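As structure tokens, the structure follows; a few thoughts come after it.
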Amino acid sequence: MKHPKLTALLESKLTQRLNETAISPKAAKKLSIGDTVKTKKNTYKITGYGNKSNAFRQFEAEDAKGNKYNIQVSLRGNSDILVAPGRSLRFTEPGEMLESDAEYAKSLQTIARDKQLKMLSKKDKATLLKIAKLMKQHGITEASAVWKVFDAKQKLYGQAMDIETDMKTIAMDIEQTRKDMEQEAEPEGGKVANRYGKELDKLEKAYKKKKVELKKIFAKLEKLEMM
């Protein structure tokens, strides 16, 4: 039995995932050593950092054969990247287009190895392979029910990772503020001590708020694990 609404939902989610794979500005800023960028021509593994600006990030990279490249990733959500062979910064334009819709089902078989999904359980990684198999054998409709649950979990994993990053940043700010307070605040108390006290109170409240948010997300994930 076909379910048009579910089919439309899955197709829209697949497009959304491809747009994310096409490197959104947020995803581009988070690229780091060990990540891979896949185009229609090649797959590049990031091995080092290069120049950066408000418009792009450059990385040293290599392909599966060990050939070295410099790649430039836009922070404006482009669907291509610029590539220069060796350690040259003479990037060729137009750039290499990122992986297309037609190749997405195949790419699901390798997504479980990506850094973005490190938080996934073995069960979820197996689900990815199951979706890919269903798409190959029966098409999008048969895979839609499995995808709906998986996609919900994916969103929660992403939110959890963002919150954990925020918590680490806040914790570092708290530590630095305490050090500054020890060096600059009046031992007997005063305006400077009061100012630092307010800053610390604000940061600690922000940390606790993030901790509560993270706890709620993990509770939602536990419910989805039971499905």
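Residues in the sequence shown are numbered consecutively from 7, following our numbering.
Positions of the beta carbon are idealized from the N, C-alpha and C atoms, including for glycine.
Please read all numbers here as calculations on a predicted model, not as lab measurements.
Provide the residue span of the alpha helix (DSSP H) that contains residue i, from first to last.
i: residue 200; result: 197–231
Would you call the CB atoms of residue i and residue j closer than 8 angstroms?
i: residue 81; j: residue 101; result: no
i: residue 176; j: residue 216; result: yes
i: residue 63; j: residue 79; result: yes
i: residue 220; j: residue 169; result: yes
i: residue 205; j: residue 198; result: no
Under DSSP, the beta strand (DSSP E) around residue i begins and ends at which residues?
i: residue 100; result: 98–103
i: residue 31; result: No beta strand (DSSP E) contains residue 31, which is instead part of the alpha helix (DSSP H) from 31–36.
i: residue 67; result: 62–68
i: residue 88; result: 86–91
i: residue 72; result: No beta strand (DSSP E) contains residue 72, which DSSP labels as neither H nor E.
i: residue 51; result: 49–58
i: residue 46; result: No beta strand (DSSP E) contains residue 46, which DSSP labels as neither H nor E.
Can you grab the Cα-Cα spacing for the pair residue i / residue j, in whole Å?
i: residue 184; j: residue 214; result: 17 angstroms
i: residue 158; j: residue 132; result: 16 angstroms
i: residue 156; j: residue 207; result: 38 angstroms
i: residue 77; j: residue 200; result: 49 angstroms
i: residue 97; j: residue 224; result: 43 angstroms
i: residue 222; j: residue 166; result: 10 angstroms
i: residue 161; j: residue 229; result: 14 angstroms
i: residue 196; j: residue 182; result: 20 angstroms
i: residue 58; j: residue 40; result: 18 angstroms
i: residue 45; j: residue 231; result: 33 angstroms
i: residue 99; j: residue 61; result: 16 angstroms
i: residue 209; j: residue 189; result: 19 angstroms
i: residue 55; j: residue 35; result: 12 angstroms
i: residue 37; j: residue 129; result: 26 angstroms
Identify, in the order they occur along the chain, each residue of the same chain with its Cβ nearer than 8 angstroms to the Cβ of residue i, setting aside the five sequence neighbours on each side.
i: residue 75; result: 50, 66, 67, 68, 69, 89, 90, 91 and 92
i: residue 218; result: none
i: residue 178; result: none
Residues in the same chain with beta-carbon distance under 7 angstroms from residue i, minus the five sequence neighbours each way, listed in chain order, please.
i: residue 95; result: 76
i: residue 212; result: 176
Measure the beta-carbon distance from residue i to residue j and round it to whole angstroms, keeping in mind my assumption that it falls under 8 angstroms.
i: residue 202; j: residue 186; result: 7 angstroms
i: residue 83; j: residue 31; result: 6 angstroms
Quick check: does the Cβ of residue i come within less than 7 angstroms of any heavy atom belonging to the ligand PLP?
i: residue 231; result: This structure does not include the ligand PLP; it has no bound ligands of any sort.
Spatial neighbours of residue i within its chain, please: C-beta separation below 6 angstroms, excluding the five flanking residues on both sides.
i: residue 172; result: 216
i: residue 47; result: 102
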